[in-house]
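Data first, discussion second: the structure below is written as structure tokens.
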Amino acid sequence: MNSLSQSALFAEVADLRTRLDGAEETLRAIRGGEVDAFVVESAAGPQVYTLQGQDAEASRVRGEMLAQVSDAVIAVDGEMRVFYLNTAAERLYGLAASHGLGQPVSKIYELRWLHPEDEAAAQAALRDHGEWRGENVHVRPDGRELNVESGITVLRDTAGQPSGLLAVIRDVSERKAREEKVLVSEVRYRRLFEAAHDGVLIVDPETRRIVEANPFMTQLLGYPHEQLVGKELYQIGLLRDEAASQEMVKKLKRTSQVRYEDLPLESQGGDHQEVEVVANLYDESGHPVIQCNIRDITERKRTEEHVKMLMAEVNHRAKNLLAVVQAVAVQTAKHGDVATFVSRLSERIGGLAAGQDLLVCNQWQGVEVSDLVTAQLAHFQDLIGTRVLLAGPTARLTPDAAQGIGMALHELATNAAKYGALSNSDGTVRITWQIRAGAEPRFLMSWLEDGGPKVVAPARTGFGQIVIGRMAEASVQGAAEIEYGSDGLSWNLSAPLKNVLT
Amino acid sequence: MDQVPTTRDTQPKACILIVEDEPMLAFALEEFLIDAGFAVLGVAGRIEKALTMIETGGFDAAILDANLAGVSAGPAATALRERGVPFIVVSGYLASQQQSAFKGALCLQKPCPPERLIEALRGILTAQRAGGAIA
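So the protein lines, in turn, are chains A and B. Here the first sequence stands for residues 8 to 509, numbered as in the working numbering. Here the second sequence stands for residues 36 to 170, numbered as in the working numbering.
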């Protein structure tokens with residue numbers, strides 16, 4: 008730094024000090040009400056500022072007021088240099104006492120417009136009307152951003168020429184932050200309201216009329232939004248009549264919440280839906296409002312009905328099965344001694360249980376033939392594929408056919424193990440089934456034994472014969488043929504396809 | 036030992052229609068009924084067949100299973116009522132699960148002891164005869 012610039016710098020500092028002293032003196036004088044007007048030297052020549060009227064006492068009071076107000080007050084000259092600022096302004100911008108005076112206003116805060124078009128609008132307003140009010144952002148010297156509301160007035164000299172500006176600035180940052188929070192909350196809850204899969208109605212407790220309805224409500228009822236608003240609840244079929252509507256409001260005032268289950272809701276098309284309604288009485292900034300949440304419970308009702316039906320079905324089937332067991336026991340008891348009865352009955356109950364398992368596994372929708380055969384021949388599992396051969400297409404038996412054929416297979420297997428092809432070491436059983444196409448397609452199933460001991464028709468018709476004969480026939484409304492050939496027993500079942508397969 | 040013939044012995048056997056979809060139960064029921072001295076007109080396992088057989092007639096009473104292959108036997112009950120034929124409903128449903136078509140009918144729960152069924156059957160036949168005599 009050379010000496011010339013150093014001396015220039017000293018000179019500038021001295022000049023600034025003088026100006027500052029002058030400004031402080033001016034400020035003191037303004038505050039003290041000692042001046043009515045003052046003149047500021049500027050590039051455009053001397054400027055005269057009239058601060059007050061004729062009454063010096065009034066101007067002193069005014070100065071005092073400016074110092075005391077909580078809003079920041081800043082006056083700038085034509086070159087935007089600050090010649091007055093109150094304590095509130097010093098506080099707001101974080102300035103040491105009187106440090107702002109004489110400074111360009113841009114040293115006190117940096118101005119940012121909220122919208123680009125605001126600047127032009129402000130300039131136009133000041134030019135045309137001498138004042139502007141609005142919001143913008145002031146950035147303090149320490150970088151903190153303030154949301155402010157400003158009122159700016161053009162100051163005029165004695166000749167009426169614009170000579171500066173007076174700004175009254177209020178910090179609205181807190182209010183802004185609160186507004187922002189409310190807005191976020193509003194957006195969030197509005198979204199919830201709009202997207203809810205429950206109907207929401209806001210009702211005025213005084214008029215009992217709907218004042219707001221969410222989109223799901225309009226979807227539920229088929230009325231457009233504008234037709235819902237203004238209606239009473241009974242007019243959309245939510246309550247029986249006007250009296251019921253009045254009753255609800257009365258009850259709400261007493262208990263703050265009312266709940267209705269299973270209300271029939273009538274949509275515009277006349278469809279009825281089962282809904283559940285929960286109404287709450289809230290206070291909304293001093294005004295009571297009723298909020299009704301309407302939930303479509305059609306699906307839930309349907310499920311409940313379905314469960315009820317299933318329970319009844321389970322009961323019916325369980326009892327039926329017990330009745331079958333009872334009948335089997337009585338029939339089994341007709342022949343043989345007690346020991347035989349017990350073992351035969353146990354086997355038959357086992358066969359019924361196996362069939363039951365298959366039905367339950369398939370939700371009672373039917374049973375694959377091969378699964379049924381495998382289940383009923385569980386005792387001969389090791390022989391399947393060697394001495395017990397299965398052949399047939401994929402086919403699903405109805406529950407009735409599965410029970411009838413299952414029991415027949417059980418009897419055939421028991422018989423084969425005792426007297427037939429599975430009673431020796433090399434006999435075979437071929438179990439086949441097929442669908443014979445035609446105008447009236449039929450289901451054919453056969454059990455053919457080979458290589459077993461010679462069999463003869465039994466002298467009397469035992470229960471086993473009844474099961475593989477008329478019982479199997481009845482279950483499929485078909486015909487069963489039993490032959491006792493020299494090479495083994497053969498059983499053929501034939502029935503209309505529609506009676507057998509699902 | 037000489038016995039005075041009872042009234043039942045001198046009368047023709049009462050003929051029963053069995054409406055039951057479960058072949059095993061139908062068979063067992065038939066056996067019970069025959070053993071107990073009744074005649075069995077036949078077995079209907081489906082509602083269509085039951086309605087045809089009721090239409091044709093030729094029986095004195097019926098035993099109805101409430102559920103025929105998933106279909107209610109209600110229409111059969113209605114048809115029997117219209118013809119004034121007495122009947123017993125046998126079902127696995129609870130009374131509260133029972134369909135309205137069977138209201139007022141004599142309902143027995145499955146599984147039902149055979150003796151009770153026979154007894155109930157004799158009861159409704161006697162009531163029918165008494166009613167007929169009065170009429």
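Glycine residues also receive a C-beta, built at the ideal position from the N, C-alpha and C atoms.
Item	Value
Interface partners of A:Leu500 on chain B, CB under 7 Å	Here the premise fails: no neighbours, minimum Cβ distance about 13 Å.
Under the three-state DSSP convention, the category B:Cys24 falls into	Within the shown structure, residues of chain B are numbered from 36 to 170, placing residue 24 of chain B beyond reach of any answer.
Amino acids of chain B, ordered along the chain, whose beta-carbon sits closer than 9 Å to that of A:Asp407	Asp56, Glu57, Pro58, Gly80, Ala104
Residue of B:Phe62, B:Gly127, B:Gln134, B:Met88 minimising C-alpha distance to B:Ala114	B:Met88
Chain B within 8 Å of A:Ser482, Cβ atoms only	yes
Rounded C-alpha distance that separates A:Val332 from B:Thr161	31 Å
Beta-carbon proximity of A:Ala104 to A:Asp78, cut-off 8 Å	no
Ranges of the alpha helix (DSSP H) found wholly within the segment 188 to 247 of chain A, counting only runs of at least 4	222 to 228, 232 to 235
Contacting positions in the segment 137 to 159 of chain B - beta carbon closer than 9 Å to chain A	Gln144, Lys145, Pro146, Cys147, Pro148, Pro149
Residue burial classification, B:Val75 (beta-carbon count within 10 angstroms, cutoff 16)	buried
Spatial distance of A:Val436 from A:Lys425 (CA atoms)	14 Å
Ordered list of beta strand (DSSP E) runs contained in the segment 240 to 316 of chain A, each at least 3 residues	264 to 273, 279 to 291, 294 to 303
A:Asp178, enclosing beta strand (DSSP E) - first and last residue	169 to 178
Residue burial classification, B:Ala170 (beta-carbon count within 10 angstroms, cutoff 16)	With a pLDDT of 44 at B:Ala170, under the threshold of 50, the predicted position of this residue should be treated as unreliable, though the coordinate-derived value follows. The residue is exposed, with fewer than 16 neighbouring Cβ atoms inside 10 Å.
Proximal chain A residues relative to B:Ala111, where beta-carbon distance stays under 8 Å	Residues of chain A passing the Cβ test: none, with the nearest at roughly 16 Å.
Close-in-space but distant-in-sequence residues of the same chain around A:Leu92 (CB under 6 Å, 5 per side omitted)	Ile81, Gly107
Straight-line Cα distance separating A:Val376 from A:Leu508	9 Å
Spatial distance of B:Gly105 from A:Leu416 (CA atoms)	24 Å
Backbone secondary structure at A:Arg182 - three-state DSSP	helix
Chain A within 8 Å of B:Ser126, Cβ atoms only	yes
Contact list for A:Gly411 against chain B, beta-carbon separation under 8 Å	Pro58
Cβ-based burial, A:Arg307 [other Cβ within 10 Å; buried from 16]	exposed
Residues of the segment 59 to 78 of chain B whose Cβ lies closer than 9 Å to any Cβ of chain A, in chain order	Met59, Leu60, Ala61, Phe62, Ala63, Leu64, Glu66, Phe67, Val78
Runs of alpha helix (DSSP H) wholly within the segment 376 to 418 of chain A (minimum 4 residues, chain order)	376 to 383
Nearest to A:Arg119 (by Cα), restricted to the options A:Val155, A:Leu504, A:Arg261	A:Val155
Inside the segment 65 to 125 of chain A only - beta strand (DSSP E) runs reaching at least 3 residues	79 to 84, 89 to 92, 117 to 120
C-beta contact flag for A:Lys461 and A:Ser493 at 8 Å	yes
Residue burial classification, B:Tyr128 (beta-carbon count within 10 angstroms, cutoff 16)	buried
Supposed close pair A:Trp440, A:Ala402 - CB separation, criterion 8 Å	7 Å
Chain A contact for B:Leu99 (CB, 8 Å cutoff)	no
Coil, strand or helix - B:Gln38 by DSSP	Interpretation of B:Gln38 is limited by its pLDDT of 46, a score under 50 that renders its predicted location unreliable; no figure is taken from the coordinates.
Beta-carbon proximity check, A:Gln280 vs A:Leu272, cutoff 8 Å	yes
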